[in-house]
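Residue numbers (my numbering): 6 to 1031.
All C-beta atoms in this analysis are idealised placements derived from N, C-alpha and C, irrespective of residue type, glycine included.
As the structure is a computational prediction, the values presented were derived from the model and not from experiment.
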C-alpha cells in the first residue's frame, strides 16, 4: 500500500567543510592565474570561454590554516594543490574533443557523485565561475548564502543546476576546473579514471537519452500501441484507505511519486530475523555511512549502466534491485515503465516488457518467449521476429522474485545442454528457464534485464552474473516529515503525527518504510483531528497501532458484512497459512479454500491486483503490507470458538528459522493486553479468555526460560525477543513476576537497535534486583544509550565497551554516576572512541560519585590532556576509584607527573593499568618517585609495552622494593636486557608481597630467562613468567 516512495535527496545535514573567507580564496585564485605562463591563445583570441591554464590554482580545496595564525598576514605563499597530471591532463585533452551534448551527458551521468564532490569546494568553484562571467553576483551570493547557513548539500545542488542552465561554456569550465584537482577527491579521480579506461567509447557507453537505430516501419504501430497501453497502466497510483467514502485513493503517479534513494551494492546482511526488523536494525548504521558519503547513491537510470569499464563496452546488462516489502520496488518499476512510455527517459530502449513474478506463477506449462510476451501484450502479433533482430534495444523487467513459485537454477548443467539450451525466442521451455536465459544473456544477448526482490530471495541470483546490484533504502527524518505532509491535507495534523512518532521510541524507528508510514498515518491521524485528541489514549505500542488501524477500517466497512467475527477468523487463518508457506499473494482458490467470498469489505483488506488481461478475470489478492497480514493472523487466534493448542502453535512459530514469525508473535503477545484488545472487541465481540490466559502463561514461560539461555547469539536474540513480548503485552504484573528479581542481563555481541534499548529500559525499570548489565559490543551508540540513560544507575556492574558511545555518551553516563541513587560500582568503557573532550564530565562524576570503584577506559584516545583532568579528580579525597584502566590511550611522559602526584595523594587507588602507552624511561622514572611514597596504595601495576629500557630499571626497582603491598607487576613487551636481570632478581626475592610478575617479550638471553623462571621456587605462591 504505497502512496509515495522514499523521498529524494539527502536532507540530513552533511559534515561541515572548512572554507577560507571569500577574499582569501579570491586572492589564491588570482595568484594562480597570475603565476601561470600560458602557451595557448588568449581568451580574447579564443572567444569568451577560458582556457584550462586559467584554472591552474584550484580554489575549492584550501590548505588548513594552523590554529592561532592569521591567514591574511602570513607571508608564506599558499601551497598549490598537487595535480594528477596523468588523469587530469589526459581528461583535459579529451574535453577539447567533446561537443556540448557530450558534456551534458557527462554531468547527467555523474550528477549525484558530482554534487558530493562540489560540496567540498562549492565556494571556490562558484567564485571562479563568477570571476569568469558565468555567474552573476546575485547567483554567487545565493550559493554562498546557503553555505553560510550550513546547507552544503543544497548549495551544491543549486550550483550544479545553475551550471546546467548556463550552457556549454559553464559546463566546460567546471570540468576543466575539476580536472586540475582530481587527486584531492577520490570519487572525482575515480570518475576520470573510468572515462580514461573507456577511451573514445566513453560517451557512447553512457547512452543517456540516446536513441538506437531507426526501427523498421512494421514495428512502429506496435510501439505506439505498446507505449499507450503502458502509459494507461502506469499513470495512476492506487492505495487503500480506511475512509468509508474512499475505499481506494487514486493519485496521479507524477504528482505523488518521490524519487527513491538507491545505493549500489546492497547491504550484506544474513537475515536471521524478520526482514523489516533486520533492516530497521541497520537503518541508523546506514544513515551514519550515508552522511559520511561512504555509500554511493545512484539514479534509477544507472541501474542499466555497468559499474566497471570492462562491462560497459558490452551491450546489455542484468541488474538486481532489492528492498524490504513496502519500500517501493514495484512503484519504482511503475515509474520506470511510465517514464519510458511517455518518452521522458530510457529512450535507449526501443521496447520495455515488464512482468510480475506473481503473474508468471499462473503459467504452469512450457512456453517460449514469443508466446510469453503475447500472453501479456497480445497486440504485438507477428512483428516480434523483427524485434529479435535488435536485442540491445530491449529491456525486460521482472518484479518480485520473492513471490515466484518457480526455481531459478543458474548453475544447472542441464541448461547448458544443446537440447535444453534456451537461446531461441521460439524454444519451448519452463518460464524459469526463460528468465534465467535472459538474465545470463544466453537468450537475446545484448538485451537488458532488471530483477527486483526482497532481501530474502537475493541468494537466488548469486550465480546469475548480475552486473549491477542495488538496494532501495528507507527514509530519514526530514523525508518522513515530507511524506506525512503529503498524506494529510491538514499540515497541523501531519506535524502532530510526526511529533508523536518522534516521542515514541518504539514506533518511530520502523517508519523508515513508506508503506509503514502510510499505516501510521491512517492509524494516528484520527487522534489529532479536531475533537478526537482527548477521547482516547494514543497508541504507544505496535500492537495498539495496528489495532486502531483495523478498527478505523471496520468503522468504515464493517457494517457491510454479517458475522464479522467469523469472516475475520477465516481471513486470519488464511493469513497465518500464508506466513507459514512464505506466501503473500492469494488467488481465488485460496479464498474459496477458507470459505471467503470476495466482497467490498474484503477488498478493504486485500488489494485487488488485476492482471493485464482483465477479460480473463485473473485476480490475485494481497494484504496491503506484510505486517497487516501478520496482525490479522495473530488476531484470529483470539476469535476461534474452540481454541486449538495455542501454546503448541506459538512454540512451533518461534522455532522456525529466519524469524519470519517474530512480528506475529509480538502481535499475539500484544493482543493479550486490554489496551489493544478492547477497541477490537467492540466490533468482533469478546476475545476468548482462555486464549488470553494461555498466551500470558506462554510469554511468562518463554521469558523465564530465556533468562538462563544466553550463551550464544541465538539465545541472546531469543531473550531480547521475549522482552519485546513483555513490552507489547503492557502487563506490569507479568513483567514483575518474570524479570522483577533478575540480577543479570547479558547481551554482549548482539547488535541492539534503539527500539531494543527502549524495551530493555522498560524491563530494567521494573526490576528491583538488577546487578549486572553486559552490553559490550552491542553497537548501541549514543542513540541507544539515550534510551537506557535513566535506568543504568540501578546496575552495580555496567559493561558498555565497544559501542561507539563517543564523548556525548560519557556525558549521559556522567549524569547517571552523579544520580544520588546511583549503585554503579564497575564501569567498563573500553573502545568507545573517547577523547579528552569527555574528561571534564567524567572527572566531575568521579568526585561526586560514592560507589564507583572500578573504571576501565582502555583503547580510547584520552591523551595526556584528558588524563591530566582525571588526575585532578583522583586526588580529591571524595574519589573512591580503586582500579583505573588506561591502557592504549595515546599517553606520553607528559601526563606522568600528574599521575605521579595522584599516586602520592590518592588513598583508594590500588590497581593502575597503563600498558600500551609510550611513557618512556622519563615517564616511568617520575612514576617511580611516587611509588616510593609511603602513602602510595598501589598493589597492581601493569606497564607492558610502554617503551622503557634498562635506563629506568634502577629507579623502578628501587621504588618497588620499598613497596610492601605490591602483588602484581607486568613489565612485558619492553626493551629490558640482561643488564636488568640482577635488579629484577633482587625485586623478586625481597618483595615478599609480590605474587605475580610478567617479564615476557623483553630482550633477555635464554640463560637469563631460565634464571628468572627458577626464582619462582624461592617461595610458595609466586609466579614468574618470562
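May I have the straight-line CA-CA distance separating residue i from residue j, to the nearest angstrom?
i: residue 496; j: residue 726; result: 37 Å
i: residue 831; j: residue 862; result: 11 Å
i: residue 469; j: residue 321; result: 14 Å
i: residue 414; j: residue 243; result: 35 Å
i: residue 79; j: residue 129; result: With a pLDDT of 37 at residue 79, under the threshold of 50, the modelled position of this residue cannot be trusted; read the value that follows with caution. In a straight line, the C-alpha of residue 79 is about 20 Å away from that of residue 129.
i: residue 98; j: residue 949; result: 58 Å
i: residue 848; j: residue 143; result: 51 Å
i: residue 709; j: residue 728; result: 10 Å
i: residue 571; j: residue 553; result: 20 Å
i: residue 890; j: residue 824; result: 23 Å
i: residue 1002; j: residue 922; result: 19 Å
i: residue 325; j: residue 350; result: 20 Å
i: residue 907; j: residue 721; result: 42 Å
i: residue 994; j: residue 788; result: 53 Å
i: residue 630; j: residue 663; result: 19 Å
i: residue 800; j: residue 310; result: 55 Å
i: residue 614; j: residue 774; result: The predicted model places residue 614 with a pLDDT of 37, which falls under 50 and marks its position as unreliable, so this point remains unresolved.
i: residue 307; j: residue 457; result: 15 Å
Out of the options, which one is the CA nearest neighbour of residue i?
i: residue 173; options: 151, 821, 858 and 134; result: 134
i: residue 1010; options: 1023, 935, 1003 and 984; result: 984
i: residue 697; options: 879, 329, 677 and 712; result: 677
i: residue 815; options: 504, 543, 390 and 833; result: 833
i: residue 335; options: 402, 1005, 976 and 396; result: 402
i: residue 754; options: 602, 718 and 789; result: 718
i: residue 194; options: 642, 228 and 121; result: 121
i: residue 602; options: 340, 198, 226 and 575; result: 575
i: residue 844; options: 811, 116 and 378; result: 811
i: residue 706; options: 653, 672, 967 and 691; result: 653
i: residue 238; options: 341, 330 and 185; result: 341
i: residue 977; options: 958, 961, 1005 and 700; result: 1005
i: residue 241; options: 255, 231, 235 and 230; result: 255
i: residue 747; options: 659, 159, 935 and 768; result: 768
i: residue 935; options: 542, 963 and 955; result: 963
i: residue 119; options: 138, 222 and 303; result: 303
If I follow the unbroken alpha helix (DSSP H) through residue i, where does it start and stop?
i: residue 476; result: No alpha helix (DSSP H) holds residue 476; the beta strand (DSSP E) holding it covers 473-477.
i: residue 899; result: No alpha helix (DSSP H) holds residue 899; DSSP gives it neither H nor E.
i: residue 848; result: 844-853
i: residue 598; result: 593-598
i: residue 528; result: 519-529
i: residue 119; result: 116-124
How about residue i and residue j: do their beta carbons lie closer than 8 Å?
i: residue 625; j: residue 591; result: yes
i: residue 527; j: residue 512; result: no
i: residue 704; j: residue 730; result: yes
i: residue 915; j: residue 944; result: yes
i: residue 669; j: residue 639; result: yes
i: residue 793; j: residue 827; result: no
i: residue 165; j: residue 140; result: no
i: residue 5; j: residue 228; result: Only positions 6 to 1031 of the chain appear in this structure, which leaves residue 5 out of reach.
i: residue 878; j: residue 852; result: yes
i: residue 442; j: residue 427; result: yes
i: residue 951; j: residue 971; result: no
i: residue 377; j: residue 439; result: yes
i: residue 589; j: residue 549; result: no
Classify residue i: buried if its beta carbon has 16 or more other beta carbons within 10 angstroms, exposed otherwise.
i: residue 146; result: exposed
i: residue 841; result: buried
i: residue 51; result: For residue 51, the predicted structure reports a pLDDT of 38, less than 50, and the residue's modelled location is therefore unreliable. A value from the coordinates is still provided. Exposed: under 16 other Cβ atoms inside 10 Å.
i: residue 1030; result: exposed
i: residue 723; result: buried
i: residue 714; result: exposed
Determine the extent of the beta strand (DSSP E) in which residue i is found, giving its start and end residues.
i: residue 1030; result: 1028-1030
i: residue 632; result: Counting along the chain, residue 632 falls outside any beta strand (DSSP E), though it belongs to the alpha helix (DSSP H) covering 631-641.
i: residue 707; result: Element bounds for residue 707: not the beta strand (DSSP E) but the alpha helix (DSSP H), 694-711.
Is residue i near the ligand COA - that is, is its Cβ less than 7 Å away from at least one heavy atom of it?
i: residue 881; result: Because no ligand of any kind appears in the structure shown, any question about the ligand COA cannot be addressed here.
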